[in-house]
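Below: the structure, in structure tokens.
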Amino acid sequence: MDRRVIRHGVTDSTSERAFAALAEGSASHGDVHLATAQTRGRGRLGREWSSPEGGDLYASLVLLPPPPGYDPVGLTMAVGLGVLRGLESAGGEELTLKWPNDVVDAAGAKLAGVLVESRGLQPDAPHYVAGFGVNITRTEFPAELTAERPVTSLRLLGVTADAERVLEEILSELEAALTQLIANPSALCSAFVRRAGLFNGPLEVQRGRELCRGRLLELDLEVGLTLETAEGAALTIPLEHVSALRQV
């Protein structure tokens with residue numbers, strides 16, 4: 126994958142800059158939009174991603190694969206694995222994935238987040254923007270963030286690294302994960318299940334307004350997520366219907 130890093134300094138959102146480049150026709154596969162701070166950084170479900178200046182990583186990767194493109198859930202899984210492995214390569218301790226798009230430390234504190242988007246996807250010209258934010262140097266966080274869940278950074282984990290080095294490690298691992306998504310999606314699913322710890326106990330799955338419980342039997346991009354219920358029945362849920370997933 127060719128890489129072209131486009132630096133914006135302080136901007137609204139690296140993903141918005143990536144989509145703007147796509148709209149004007151100047152984007153290329155592998156472009157990385159990078160910012161020193163974001164005024165409108167966002168995460169899943171429209172939540173704000175705190176993005177002050179100071180050395181953290183705010184980046185968005187443009188992906189223009191050949192048709193038919195990537196499986197949407199598989200792509201989010203691949204990007205999550207790439208970010209996790211990149212952070213471990215940069216010196217982080219063993220990390221964990223939290224469905225669908227967070228990287229957390231051993232205590233469950235959020236270290237990084239991923240947001241994969243596509244707008245007006247055309248089957249003959251698929252495009253995606255994979256945004257990721259990593260807490261690198263900060264040691265303090267806004268109260269509204271820590272009230273919801275613990276938050277951490279590489280510095281708090283005892284890792285000394287700058288955003289440029291972390292970005293290089295992540296991009297290298299992202300490329301490998303995207304290759305695996307196409308060549309061996311079942312292996313990618315197995316890796317995700319292992320790194321998310323989903324085989325370690327019973328799961329609780331949110332499907333719309335319905336809450337399903339059971340032990341994971343299989344995670345397959347085409348079939349979905351298959352649980353063994355308390356009654357011993359197999360329950361399969363399409364991945365696009367899974368809004369939340371946690372161990373219980």
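Residues are numbered in the numbering used here as their position in the sequence shown, beginning at 1, plus a constant of 125. The beta-carbon is built from N, C-alpha and C at its ideal position, and this holds for glycine as well. No experiment lies behind these values; they were computed from the predicted model shown.
Neighbourhood of residue i by C-beta, 8 Å cutoff - its chain only, sequence neighbours within 5 removed
i    : result
I131 : R142, A146, D156, V157, H158 and L159
G357 : none
Contact check, residue i vs residue j, beta carbons under 8 Å
i    : j    : result
P327 : V373 : yes
P251 : P192 : yes
V330 : L313 : no
A234 : V284 : no
G207 : A316 : no
G258 : L182 : yes
L460 : T264 : This structure leaves residue 460 out entirely; the chain is present only between 126 and 373.
Given residue i as reference, the closest of the options once Cα atoms are compared
i    : options                   : result
E335 : Y253, E269 and I362       : I362
P105 : S140, H154 and S176       : Limits of the chain in this structure are 126 at one end and 373 at the other, which puts residue 105 out of reach.
L236 : S140, L341, L270 and C337 : L270
T161 : E178, E294, L292 and L342 : E178
V187 : L370, F144, D287 and S214 : F144
D120 : R128, E289, E242 and A369 : Nothing in the structure corresponds to residue 120, since the chain is present only between 126 and 373.
G245 : A148, L222 and T262       : A148
Beta-carbon contacts of residue i that lie in its chain and below 6 Å, excluding the five residues immediately before and after
i    : result
T354 : G339 and L360
S138 : Q163, R165 and G166
M126 : G155 and E300
G211 : E294, I295 and E298
R371 : E329
H133 : R142 and A160
L323 : L341
D227 : K235 and G238
S140 : S185, V254 and G256
Counterpart residues of residue i in DSSP-defined beta bridges
i    : result
D345 : G349
E237 : The question names Glu, but residue 237 in the sequence shown is Ala. DSSP, once it has assigned bridges, lists V228 and V259 as partnering A237.
R332 : E335 and V367
I131 : H158
A184 : L159 and F257
T277 : Note: T277 sits in no beta bridge, so no partner.
Check: residue i C-beta below 7 Å from any heavy atom of the ligand GDP
i    : result
A358 : The ligand GDP is absent from the structure shown, which contains no ligands of any kind.
Residue i burial status per 10 Å Cβ neighbour count (16 or more: buried)
i    : result
V348 : exposed
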